[in-house]
Amino acid sequence: MSAFPGSPDHSGAGAVAAADAPNLDFAGTTPYEDYVQADVLTHLQHLRSDDPGEMVFLVTTQVMELWFTVIVHEWETASRALRGDDVPVAMDALKRSVRELEALNHSWRPLAHLTPAQFNSYRGALGEGSGFQSAMYRRMEFLLGEKSASMLVPHRGAPRVHAELEKAIQEPSLYDETLRLLARRGLPVPAEVLERDPAQRYEPSAEVERVWAGIYADPDQNAELVRLGEALSDVAELVWRWRNDHLVATRRAMGAKTGTGGSAGVAWLEKRAQKNVFPELWTARSHV
Numbered sequence: 003m004s005a006f007p008g009s010p011d012h013s014g015a016g017a018v019a020a021a022d023a024p025n026l027d028f029a030g031t032t033p034y035e036d037y038v039q040a041d042v043l044t045h046l047q048h049l050r051s052d053d054p055g056e057m058v059f060l061v062t063t064q065v066m067e068l069w070f071t072v073i074v075h076e077w078e079t080a081s082r083a084l085r086g087d088d089v090p091v092a093m094d095a096l097k098r099s100v101r102e103l104e105a106l107n108h109s110w111r112p113l114a115h116l117t118p119a120q121f122n123s124y125r126g127a128l129g130e131g132s133g134f135q136s137a138m139y140r141r142m143e144f145l146l147g148e149k150s151a152s153m154l155v156p157h158r159g160a161p162r163v164h165a166e167l168e169k170a171i172q173e174p175s176l177y178d179e180t181l182r183l184l185a186r187r188g189l190p191v192p193a194e195v196l197e198r199d200p201a202q203r204y205e206p207s208a209e210v211e212r213v214w215a216g217i218y219a220d221p222d223q224n225a226e227l228v229r230l231g232e233a234l235s236d237v238a239e240l241v242w243r244w245r246n247d248h249l250v251a252t253r254r255a256m257g258a259k260t261g262t263g264g265s266a267g268v269a270w271l272e273k274r275a276q277k278n279v280f281p282e283l284w285t286a287r288s289h290v
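Take 3 as the starting number for the sequence shown in our numbering and just add one per residue.
Structure representation (structure tokens):
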């Protein structure tokens, strides 16, 4: 019989088991490491304080950045698909992003109950660092139509990141591509909406509201567009929840104090939480 788990066993049963065992001998790093880059990911935590709570704050923030990255990928995929009139591919990407947004929002849980004393024990390590400086989160906001050239300013010292954001702000948002699709389907989306400068923040339109109200009023005739509208509404709802969870976690950890990086802290987050994503999808429901 085998002396230790994993040691060779030349008995009949052991020989069969050994044949089923995974390959453990690799010339270099494992194929898993080559693909996932786990060694890189697990050595990116460079703590700046002696407080044991800083580790969970840093790792949670890094996990959020990874979720931002995959969500941007999904929304860019959906935007390209809508541009090519491929609604099924867009829907698949949007549905994936909903599950990813749910995971992103759950990322707040390790930080949601920080007391002021716990947060203050390592807050100084952040220096002027603040979440609003996240370039990937900014790309998420741009894809939602929340464009602001001033938000490129913090990234002027990082040429590659700044160039990516400059490109992203000039591109149509996910909602822009949706409205262009509706227009190609013969719906009366106004020209001033279709031809607007995509680098500017999207502003609600009464005419677009009427278009969505008409779509929802006849779900049999507009089944595919209703499903698209509902997928976008799922995204919008989860973005709203993300903003509110951020607000509550910040309020709990630091009250109304000035935020890191000089932001207005809770006041800034309250203003953000009041904004509706894809606004006419919400207001049109009052007219159906």
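In this text, a Cβ means the ideal position worked out from N, Cα and C, and glycines have one as well.
I'd like the list of long-range same chain contacts for I217, defined as Cβ closer than 7 Å, with 5 residues on each side in sequence excluded.
N224, L227, V228 and G231
Segment limits, alpha helix (DSSP H) that includes F28:
It is not in any alpha helix (DSSP H) - F28 carries neither H nor E in the DSSP assignment.
Whose CA, out of F121, D22, A40 and E67, lies closest to the CA of P54?
F121
Just confirm the distance between the C-beta atoms of L113 and F59, as a whole number of angstroms; I'd bet it's less than 8 Å.
6 Å
Between the CA atoms of H108 and L84 - distance to the nearest angstrom:
29 Å
Own chain residues within Cβ distance below 7 Å of G30, not counting five before or after:
none
Spatial neighbours of V72 within its chain, please: C-beta separation below 6 Å, excluding the five flanking residues on both sides.
E102
From A233, W110 and R254, pick the residue whose C-alpha is nearest to that of D94; which is it?
A233
For L146, collect the residues of the same chain with a Cβ closer than 6 Å to its Cβ; drop the 5 residues on either side in sequence, then sort them by chain order.
V279
So is E282 buried or exposed if we call it buried at 16+ other beta carbons inside 10 Å?
buried
For H75, which of helix, strand or coil comes out of DSSP?
helix
CA-CA distance, D22 and E35?
22 Å
Between which two residues does the alpha helix (DSSP H) containing V279 stretch?
Careful: V279 lies outside any alpha helix (DSSP H) and carries neither H nor E.
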